[in-house]
Amino acid sequence: MATTTSTSPHPSAEEGPKASNMRSLSRALEVFAELQRAERPQRLSDLARNCGMSLPTTLRILRVLQDFGMVSQTDKSYRIGPAVLPAARSFLENDPLVVAARPILQQVASQTGLTASLYTRLGFERILVARVDGEVPLRYDLPLGKRLPLTVGAAGKILLASSSDDELQQVVAAAVAGGHEEPGLTAAALRSRLPEPGAEYAYSADERATGVLSVAVAVPSRPGRRPSESISLTSPVEAANEETLRAGVPELRRAAGRLSELLEGSVY
5 MATTTSTSPH PSAEEGPKAS NMRSLSRALE VFAELQRAER PQRLSDLARN CGMSLPTTLR
65 ILRVLQDFGM VSQTDKSYRI GPAVLPAARS FLENDPLVVA ARPILQQVAS QTGLTASLYT
125 RLGFERILVA RVDGEVPLRY DLPLGKRLPL TVGAAGKILL ASSSDDELQQ VVAAAVAGGH
185 EEPGLTAAAL RSRLPEPGAE YAYSADERAT GVLSVAVAVP SRPGRRPSES ISLTSPVEAA
245 NEETLRAGVP ELRRAAGRLS ELLEGSVY
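Using this note's numbering, read the sequence shown as starting at 5 and increasing by one per residue.
#1: Taking V176 as the reference, which of G127, P199, G215 has the closest Cα?
#2: Can you name the start and end residues of the beta strand (DSSP E) that E247 belongs to?
#3: Going by other Cβ atoms of all chains shown within 10 Å of its Cβ, with 16 needed for buried, is Y144 buried or exposed?
#4: Is the stretch 109 to 116 in contact with the stretch 246 to 265, if contact means three or more CB pairs nearer than 8 Å?
#5: Out of A191, L122, K161, which has the shortest C-alpha to C-alpha gap to S236?
#6: Specify the secondary structure class of A87 as computed by DSSP and reduced to three states.
#7: Assuming P153 is part of the beta strand (DSSP E), what are its boundary residues?
#8: Exposed or buried, A23, counting other C-beta atoms within 10 Å across all chains shown (16 or more means buried)?
#9: What number of angstroms, rounded off, separates the C-alpha of L164 from the C-alpha of T190?
#10: With a threshold of 16 other CB atoms inside 10 Å of the CB of K80, please say whether the residue is buried or exposed.
#11: Whose CA, out of S225, T61, R135, L194, lies closest to the CA of S168?
#12: Going by DSSP, name the residue or residues bridged to P240.
#13: I need the straight-line Cα distance from A159 to R262, nearest angstrom please.
#14: Would you mind stating whether L66 and V35 have Cβ atoms separated by less than 8 Å?
#15: Nearest to A178 by alpha carbon, out of V216, P199, R130?
#16: With a threshold of 6 Å on Cβ separation, who are the neighbours of P125 within its own chain once the five nearest residues in sequence on each side are excluded?
#17: Determine the DSSP secondary structure at V75, reduced to helix, strand or coil.
#18: Using a Cβ-Cβ cutoff of less than 8 Å, which residues in the same chain neighbour R69 once the five nearest sequence positions on both sides are dropped?
#19: Out of L198, P147, G138, L172, which has the shortest C-alpha to C-alpha gap to P240?
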């Protein structure tokens, strides 16, 4: 008589705890990411609502993060804790992208007189990972590690130039949820802001910050992969104009190509 082997629809005793642990870790990282995005300390109720979790679950996660110094509490609000500083220092000192980019950005800033910045894409956002100031300081303080939308600013738009409609819809949803865009934004409207697929650069004026001009190029990636980093030149309007920014594109392209060569063979 033939026998058949069936697979139980229920996870084994070993798989159950592992899956539960991974869900707990995922939720903890989601809460931690929400605190990173916040411009100010967050109340428990706001964190729970923004993360789509119950108050008890959010509170348990915050207490665990507090135990590891990743989160600090003042009165009834929570913020990022001091334990992130050693992690940030380790990243800035050891990350291949940052280490390779520093001298390249210094050269670009020196030759153009403009502020040179490097961004990396993280999900539906971009993060400033390195910057060298130009001759004229910018009007605003943009600290390293700042999460920014992909939907505005040359450095974000160049990374979306070849995106599909489905991806743009996801980007729009994330930008709206993060408060970076109005709820009425559509994927088609976002597409109209972007450079054409295959364009050498993206340009922006008065987009993320008033009175600021920027131009950016994507850092070439491995064949078959889309770029996830971009280099930009930025200036206040009183120190440059559109023609000045566009004149810096060849230097940006050389810098991006050099950075790509230095990163060849690394995880990037």
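Using N, Cα and C, we set each Cβ at its ideal position, and we do this for glycine too.
These figures come from a predicted structure and were not determined experimentally.
Once the coordinates are examined:
#1: As a first step, residue 176 is located in the sequence shown; it is residue number 172 there, counting from the start. Nearest C-alpha to V176: G127.
#2: Start at 1 with the first residue of the sequence shown, and residue 247 comes out as number 243. Per DSSP, E247 belongs to no beta strand (DSSP E); it is in the alpha helix (DSSP H), 246 to 251.
#3: Residue numbering aside, residue 144 sits at position 140 when the sequence shown is read from its first letter. Exposed, because fewer than 16 other Cβ atoms sit within 10 Å of the Cβ of Y144.
#4: Under the three-pair Cβ rule at 8 Å, the stretch 109 to 116 counts as touching the stretch 246 to 265.
#5: If you number the sequence shown from 1, residue 236 lands on position 232. The option with the nearest alpha carbon to S236 is L122.
#6: Along the sequence shown, read from residue 1 onward, the residue named residue 87 stands at position 83. Secondary structure at A87: coil, using DSSP grouped into helix, strand and coil.
#7: Indexing the sequence shown from 1 puts residue 153 at position 149. Its beta strand (DSSP E) spans residues 151 to 153.
#8: Here residue 23 refers to the residue found at position 19 of the sequence shown. With a threshold of 16 other beta carbon atoms within 10 Å, A23 falls short and is exposed.
#9: One-based indexing of the sequence shown puts residue 164 at position 160. One-based indexing of the sequence shown puts residue 190 at position 186. The C-alpha of T190 is placed about 14 Å away from the C-alpha of L164.
#10: Sequence index remark: in the sequence shown, residue 80 carries index 76 (1-based). Exposed: under 16 other Cβ atoms inside 10 Å.
#11: Within the sequence shown, residue 168 is the residue found at index 164, counting from 1. Nearest neighbour of S168 by Cα position, chosen from S225, T61, R135, L194, turns out to be L194.
#12: Within the sequence shown, numbered from 1, the residue matching residue 240 stands at position 236. Bridge pairing for P240: V216 [DSSP].
#13: Here residue 159 is taken as the residue at index 155 of the sequence shown, counted from 1. Here residue 262 is taken as the residue at index 258 of the sequence shown, counted from 1. Approximately 18 Å between the Cα atoms of the pair.
#14: Locating residue 66 in the sequence shown gives position 62, where the first residue counts as 1. Locating residue 35 in the sequence shown gives position 31, where the first residue counts as 1. Yes. Within cutoff.
#15: Residue 178 sits at position 174 when you count from the first residue of the sequence shown. Ranking V216, P199, R130 by CA distance to the CA of A178 puts R130 first.
#16: Counting from one through the sequence shown, the residue named residue 125 turns up at place 121. First, the amino acid is wrong: residue 125 is Arg here, not Pro. Residues L163, S232 of the same chain have their beta carbon placed closer than 6 Å to that of R125, with the five preceding and five following residues left out of the count.
#17: On the sequence shown, position 71 is the one that residue 75 refers to. In the three-state reduction of the DSSP assignment, V75 falls in the strand class.
#18: For the purposes of this step, residue 69 is taken as residue 65 along the sequence shown, with counting starting at 1. Note that residue 69 is Leu in the sequence shown, not Arg. Within its own chain, the residues whose Cβ lies closer than 8 Å to the Cβ of L69, once the five positions on either side in sequence are excluded, are A32, V35, F36, V75, G85, listed in chain order.
#19: Position 236 of the sequence shown, counting from 1, holds the residue named residue 240. Proximity to P240 across L198, P147, G138, L172 peaks at G138, based on C-alpha coordinates.
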